[in-house]
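**Q** The opening residue of the sequence shown carries number 74 in the working numbering; numbering runs sequentially from there.
Note that beta-carbon positions come from the ideal geometry of N, C-alpha and C, so glycine has one too.
Take this structure first; my questions come after.
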Amino acid sequence: MSRFKNTVWPSRMPEDEWEEVATGIPAKDEPFINKYVMGREALVAQEKSQRSDHAFRQAMSPIAREACEIVQRIRDHEQKTIWTAEFEDWIAQKTGANIYPGMMFSLAKERMEQTQVWKILRKMPKGALLHAHMDAVVDFGFLFDVLLETPGMHLSCPQALDSPTALEIGAITFRFLKTEHKEGSIWSADYVPDTPVLAAQAADTFPDGGRSGFLAWLKDRCTITNTESIEHHHGVDAVWRKFSFIFNILDSIVLYEPIFRKFLRRMMSNFLADGVKYCDMRSAFTTGFYREGQEEPDVGFSELFRIFGEEIESFKASEEGKEFWGMRMIWTGIRILDTRKIVEDMDACIAMKLKYPHLICGYDLVGQEDPGRPLKDLLPELFWFRKQCAQEGVNIPFFFHAGETLGDGTDTDENLFDAVLLGTRRIGHGFSLYKHPLLVDMVKEKKILVESCPISNEILRLCASIKSHPLPALLARGVACSLCNDDPAILGQDTAGMTHDFWQALQGWDNLGLAGLGSLAENSVRWSAFEDQDNAEWTKAVKEASVGTGLKAQRLQQWNVEWEQFCLWIVTEFGEDGGSIEKIMKEGVLDAQD
74 MSRFKNTVWP
84 SRMPEDEWEE
94 VATGIPAKDE
104 PFINKYVMGR
114 EALVAQEKSQ
124 RSDHAFRQAM
134 SPIAREACEI
144 VQRIRDHEQK
154 TIWTAEFEDW
164 IAQKTGANIY
174 PGMMFSLAKE
184 RMEQTQVWKI
194 LRKMPKGALL
204 HAHMDAVVDF
214 GFLFDVLLET
224 PGMHLSCPQA
234 LDSPTALEIG
244 AITFRFLKTE
254 HKEGSIWSAD
264 YVPDTPVLAA
274 QAADTFPDGG
284 RSGFLAWLKD
294 RCTITNTESI
304 EHHHGVDAVW
314 RKFSFIFNIL
324 DSIVLYEPIF
334 RKFLRRMMSN
344 FLADGVKYCD
354 MRSAFTTGFY
364 REGQEEPDVG
374 FSELFRIFGE
384 EIESFKASEE
394 GKEFWGMRMI
404 WTGIRILDTR
414 KIVEDMDACI
424 AMKLKYPHLI
434 CGYDLVGQED
444 PGRPLKDLLP
454 ELFWFRKQCA
464 QEGVNIPFFF
474 HAGETLGDGT
484 DTDENLFDAV
494 LLGTRRIGHG
504 FSLYKHPLLV
514 DMVKEKKILV
524 ESCPISNEIL
534 RLCASIKSHP
544 LPALLARGVA
554 CSLCNDDPAI
564 LGQDTAGMTH
574 DFWQALQGWD
584 NLGLAGLGSL
594 AENSVRWSAF
604 EDQDNAEWTK
614 AVKEASVGTG
624 LKAQRLQQWN
634 VEWEQFCLWI
644 VTEFGEDGGS
654 IEKIMKEGVL
664 DAQD
């Protein structure tokens with residue numbers, strides 16, 4: 074009979090009984106305990122050998138390994154001293170939230186940008202940005218200042234913006250007009266619907282704080298706010314309603330030539346400052362492009378692409394941009410449109426590819442997947458597109474959004490099957506891919522990369538925080554992935570760079586570390602569409618990586634040099650030989666508390 078059968082818990086054994094029991098507990102160094110521990114460690118190591126970043130880790134130099142250990146120590150120290158209940162009162166005053174590593178991005182952003190890890194990751198060579206939507210990349214503080222400084226820009230709306238509801242949902246747009254319209258107020262009940270009002274004048278007469286109040290209001294209209302980003306109980310569709318309308322406002326600002334040129338320069342400057350050398354940009358061409366001084370939009374998008382290419386080359390030729398590799402465009406149709414509109418858009422894509430072959434690198438379909446047409450419904454259009462590309466002798470591969478959903482077995486979830494079967498070279502988001510073991514194996518076999526956007530998935534209510542994101546499951550299964558920022562201006566990053574996503578990933582997942590981030594950055598270069606390649610050439614370049622002979626191999630070699638330089642900087646700046654790591658970390662904590 075057990076000595077504990079009639080015990081009422083909790084209880085404490087008499088000392089003589091405890092001494093008798095304690096003699097029967099094996100020591101930690103008993104041979105069979107050691108054998109168990111060795112077997113356990115072997116099992117963990119065996120699983121880690123299947124990770125997608127395993128080969129990268131195995132090939133790291135001693136300096137890179139030391140840099141990774143240093144960053145891990147700093148991360149661990151900050152988690153114990155900054156991201157802890159010890160500072161809960163400080164952050165609760167600002168957010169009303171508890172504080173912990175990997176907490177919701179919108180609540181953590183201000184504090185993360187004060188940490189030592191942030192300062193380190195800002196300098197990291199991040200390679201390429203493979204998933205971003207052009208109109209939602211540049212910080213709104215800059216964009217809206219340019220808007221108000223640009224002569225002739227006007228604001229209009231189908232209703233007066235004279236109430237809180239109208240201010241929140243009024244369908245505002247901007248456009249250039251040669252004659253300045255200064256009469257009337259859009260903030261008044263007397264406003265005649267759709268009457269243009271000079272934007273600068275509207276800003277200065279904003280009823281709640283003048284120009285500064287106007288800028289705050291406009292930013293709120295074009296951003297998923299902190300409150301909206303954490304209201305997960307409202308569901309995905311609710312946040313997507315606002316998200317989709319924002320693009321109408323932004324396109325009306327960005328697609329005017331003088332603003333577009335400044336917009337592109339700012340974008341590339343911000344990329345380079347954040348360690349991003351290249352971008353496969355996405356954009357949907359549904360809104361007309363206006364040349365400087367013109368009130369009517371161009372027919373087609375030839376001028377837009379001419380300027381896009383011109384500004385890229387101008388930046389690359391500048392002293393600031395001499396290290397920038399460039400940008401290309403993934404043409405994105407809108408998946409919710411009918412067959413005629415999608416086919417007409419596809420035809421326009423092919424026309425631009427023929428005229429600017431160096432700028433168009435792929436095709437995709439965008440818009441919220443759940444209410445949009447699934448890929449299986451779009452098969453006739455997609456096969457027509459392939460046939461037309463073949464007849465015109467152009468190569469426009471697919472880079473499909475797929476699996477950006479909480480569904481399991483829904484049409485949206487099953488877009489993943491069609492994306493793979495249709496030969497996509499990368500998968501945008503792939504949030505639900507981890508639910509499909511067969512597809513995971515196919516993605517690995519076909520060398521398809523997942524463009525993962527953790528902060529976007531959180532803000533758009535697919536997961537509550539980085540802690541519940543499925544990317545670690547894909548990495549553990551050996552799926553090639555990269556980190557991307559998707560729509561950083563709208564989602565709250567407020568910069569074109571990717572440091573926020575890199576920081577969140579490092580904080581949220583203990584198995585990742587700096588080495589894992591390095592692998593994700595290297596992947597971004599390896600799967601970039603730097604130049605046109607047929608399927609065989611693309612697969613060969615991905616497999617050969619830096620040992621190949623083409624442009625991709627050259628840029629992978631260059632990234633590897635920058636990675637080693639970055640790791641050397643970490644060791645020199647923060648290593649034991651270069652000064653007290655404890656002192657450096659303590660200074661970082663004090664900076665964060667100021």
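In this structure, does DSSP put Thr622 in helix, strand or coil?
**A** As a first step, residue 622 is located in the sequence shown; it is residue number 549 there, counting from the start. Of the three classes helix, strand and coil, the one that applies to Thr622 here is coil, per DSSP.
**Q** What residue from Phe575, Gly200, Phe378 has the CA that sits closest to Glu396's CA?
**A** Position 323 of the sequence shown holds residue 396. Sorting Phe575, Gly200, Phe378 by C-alpha distance to the C-alpha of Glu396 places Gly200 at the top.
**Q** What is the DSSP secondary structure of Leu221, counted as helix, strand or coil?
**A** Position 148 of the sequence shown, counted from the start, is the residue given in the question as residue 221. Leu221: helix per DSSP, three-state reduction.
**Q** Using a 10 Å radius around the Cβ and a threshold of 16 neighbouring Cβ atoms, would you call Pro87 buried or exposed?
**A** Along the sequence shown, one-based indexing puts residue 87 at 14. It is exposed - the Cβ of Pro87 has fewer than 16 other Cβ atoms within 10 Å.
**Q** Kindly identify the DSSP beta-bridge partner or partners of His206.
**A** Mapped onto the sequence shown, residue 206 falls at position 133. His206 pairs with Arg355.
**Q** With the cut-off set at 7 Å, would you say Leu228 and Phe247 are in Cβ contact?
**A** The sequence position of residue 228 within the sequence shown is 155, counting from 1. The sequence position of residue 247 within the sequence shown is 174, counting from 1. Yes.
**Q** Taking all protein chains shown into account, do 16 or more other C-beta atoms lie within 10 angstroms of the C-beta of Leu590, making it buried, or fewer, making it exposed?
**A** Counting from 1 along the sequence shown, the entry for residue 590 is found at position 517. Result: buried.
**Q** From what residue to what residue does the beta strand (DSSP E) around Phe249 run?
**A** By 1-based counting over the sequence shown, the position of residue 249 is 176. Residues 246-249.
**Q** May I have a chain-ordered list of the alpha helix (DSSP H) segments no shorter than 4 residues that lie completely inside the region 535-587?
**A** 544-549, 561-564, 572-581
**Q** Going by DSSP in three states, Ser387 sits in which element: helix, strand or coil?
**A** Reading the sequence shown from its first residue, position 314 is the one you call residue 387. If DSSP states are grouped into helix, strand and coil, Ser387 belongs with the helices.
**Q** First and last residue of the beta strand (DSSP E) that includes Tyr109?
**A** Your numbering for residue 109 matches position 36 in the sequence shown. Where Tyr109 is concerned, there is no enclosing beta strand (DSSP E), although the alpha helix (DSSP H) it sits in stretches over 104-121.
**Q** With a 10 Å radius around its C-beta and 16 neighbouring C-beta atoms as the bar for buried, classify Gln131 as buried or exposed.
**A** For the purposes of this step, residue 131 is taken as the residue at position 58 of the sequence shown. Result: exposed.
**Q** With distances taken between CB atoms, is the gap from Ala209 to Ala569 smaller than 7 Å?
**A** By 1-based counting over the sequence shown, the position of residue 209 is 136. By 1-based counting over the sequence shown, the position of residue 569 is 496. No, the pair does not count as a contact, with Cβ atoms beyond the cut-off.
**Q** At what residues does the alpha helix (DSSP H) containing His227 begin and finish?
**A** In the sequence shown, the residue the question calls residue 227 occupies position 154. From DSSP, His227 is part of no alpha helix (DSSP H) but of the beta strand (DSSP E) over 226-229.
**Q** In terms of residue numbering, what span does the beta strand (DSSP E) encompassing Glu88 cover?
**A** In the sequence shown, residue 88 corresponds to position 15, counting from 1. For Glu88, no beta strand (DSSP E) run applies; the uninterrupted alpha helix (DSSP H) run containing it begins and ends at 88-95, by DSSP.
**Q** Provide the residue(s) that pair with Phe473 in DSSP beta bridges, ordered along the chain.
**A** Counted from its first residue, the sequence shown places residue 473 at position 400. Paired residue(s): Ile500.
**Q** Work out the CA separation of Cys422 and Glu256 for me, nearest whole Å.
**A** Taking the sequence shown and counting its residues from 1, the one referred to as residue 256 is at position 183. Taking the sequence shown and counting its residues from 1, the one referred to as residue 422 is at position 349. For Glu256 and Cys422, the distance between alpha carbons rounds to 41 Å.
**Q** CA-CA distance, Gly440 and Glu477?
**A** As a working note, residue 440 is residue 367 in the sequence shown. As a working note, residue 477 is residue 404 in the sequence shown. Distance between Gly440 and Glu477, taken at the CA atoms: about 10 Å.
**Q** Assuming Ser619 contacts Ser555 (C-beta within less than 8 Å), just tell me the rounded distance between them.
**A** In the sequence shown, the residue the question calls residue 619 occupies position 546. In the sequence shown, the residue the question calls residue 555 occupies position 482. Actually they are not in contact, since the Cβ atoms of Ser619 and Ser555 sit about 16 Å apart, beyond 8 Å.
**Q** Using only CA atoms, which one of Trp404, Leu448, Lys428, Ala128 lies nearest to Asp418?
**A** Numbered from 1 along the sequence shown, position 345 holds the residue referred to as residue 418. Residue Trp404 is the option with its Cα nearest to Asp418.
**Q** Can you tell me which of the three DSSP states Glu531 falls into?
**A** Within the sequence shown, numbered from 1, the residue matching residue 531 stands at position 458. Shown here, Glu531 sits in a helix according to DSSP, grouped into three states.
**Q** Just the C-alpha distance for Leu629 and Tyr507, rounded to the nearest angstrom, thanks.
**A** Position 556 of the sequence shown, counted from the first residue, corresponds to residue 629. Position 434 of the sequence shown, counted from the first residue, corresponds to residue 507. A straight-line Cα-Cα distance of about 28 Å links Leu629 and Tyr507.
**Q** Would you call the CB atoms of Ile532 and Leu564 closer than 7 Å?
**A** Locating residue 532 in the sequence shown gives position 459, where the first residue counts as 1. Locating residue 564 in the sequence shown gives position 491, where the first residue counts as 1. In this structure, Leu564 lies closer than 7 Å to Ile532 by Cβ.
**Q** Let me check understanding here. Comparing Cα to Cα, which of Lys101, Phe129, Pro135 lies closest to Leu641?
**A** Taking the sequence shown and counting its residues from 1, the one referred to as residue 641 is at position 568. Per the Cα distances, Pro135.
**Q** Need the endpoints of the alpha helix (DSSP H) that Arg413 sits in, please.
**A** Position 340 of the sequence shown, counted from the start, is the residue given in the question as residue 413. Counting along the chain, the alpha helix (DSSP H) containing Arg413 begins and ends at 412-428.
**Q** What's the gap between the Cα of Glu241 and the Cα of Thr360?
**A** Walking along the sequence shown from the start, residue 241 turns up at place 168. Walking along the sequence shown from the start, residue 360 turns up at place 287. Roughly 23 Å separates the two Cα atoms.
**Q** Below 8 Å on the Cβ atoms is my contact criterion, and I expect Ile407 with Ala475 to pass it. Report the Cβ-Cβ distance as a whole number of Å.
**A** Within the sequence shown, numbered from 1, the residue matching residue 407 stands at position 334. Within the sequence shown, numbered from 1, the residue matching residue 475 stands at position 402. Not really, about 16 Å apart at Cβ, beyond 8 Å.
**Q** Quick check on DSSP: helix, strand or coil for Lys350?
**A** Your numbering for residue 350 matches position 277 in the sequence shown. In the structure shown, Lys350 sits in a strand (DSSP, three-state: E or B).
**Q** Do you know offhand how far Met197's Cα is from Ala118's?
**A** Against the sequence shown, residue 197 aligns to sequence position 124. Against the sequence shown, residue 118 aligns to sequence position 45. Each residue's alpha carbon lies about 27 Å from the other.
**Q** Please classify Ala594: does DSSP put it in a helix, a strand, or coil?
**A** Your numbering for residue 594 matches position 521 in the sequence shown. In this structure, Ala594 counts as helix in the three-state DSSP scheme.
**Q** Would you mind working out which of Asn488, Met515, Phe129, Val523 sits nearest His502, comparing C-alpha positions?
**A** For this step, residue 502 is matched to residue 429 along the sequence shown. The shortest Cα separation from His502 among Asn488, Met515, Phe129, Val523 belongs to Val523.
**Q** Tell me which residue opens and which closes the beta strand (DSSP E) that Ser400 is part of.
**A** Against the sequence shown, residue 400 aligns to sequence position 327. The displayed chain sequence assigns Met, not Ser, to residue 400. Here the beta strand (DSSP E) through Met400 covers 399-407.
**Q** Suppose contacts are defined by Cβ-Cβ distances below 7 Å. Is Ile147 in contact with Gln189 by that definition?
**A** Here residue 147 refers to the residue found at position 74 of the sequence shown. Here residue 189 refers to the residue found at position 116 of the sequence shown. Cβ atoms of Ile147 and Gln189: closer than 7 Å.
**Q** How about the region 575-582 and the region 325-340: do they share at least three Cβ pairs that are nearer than 8 Å?
**A** no
**Q** Given this structure, state the Cα-to-Cα distance separating Ala614 from Thr296, to the nearest angstrom.
**A** For the purposes of this step, residue 614 is taken as residue 541 along the sequence shown, with counting starting at 1. For the purposes of this step, residue 296 is taken as residue 223 along the sequence shown, with counting starting at 1. Spanning the two alpha carbons is a distance of roughly 39 Å.
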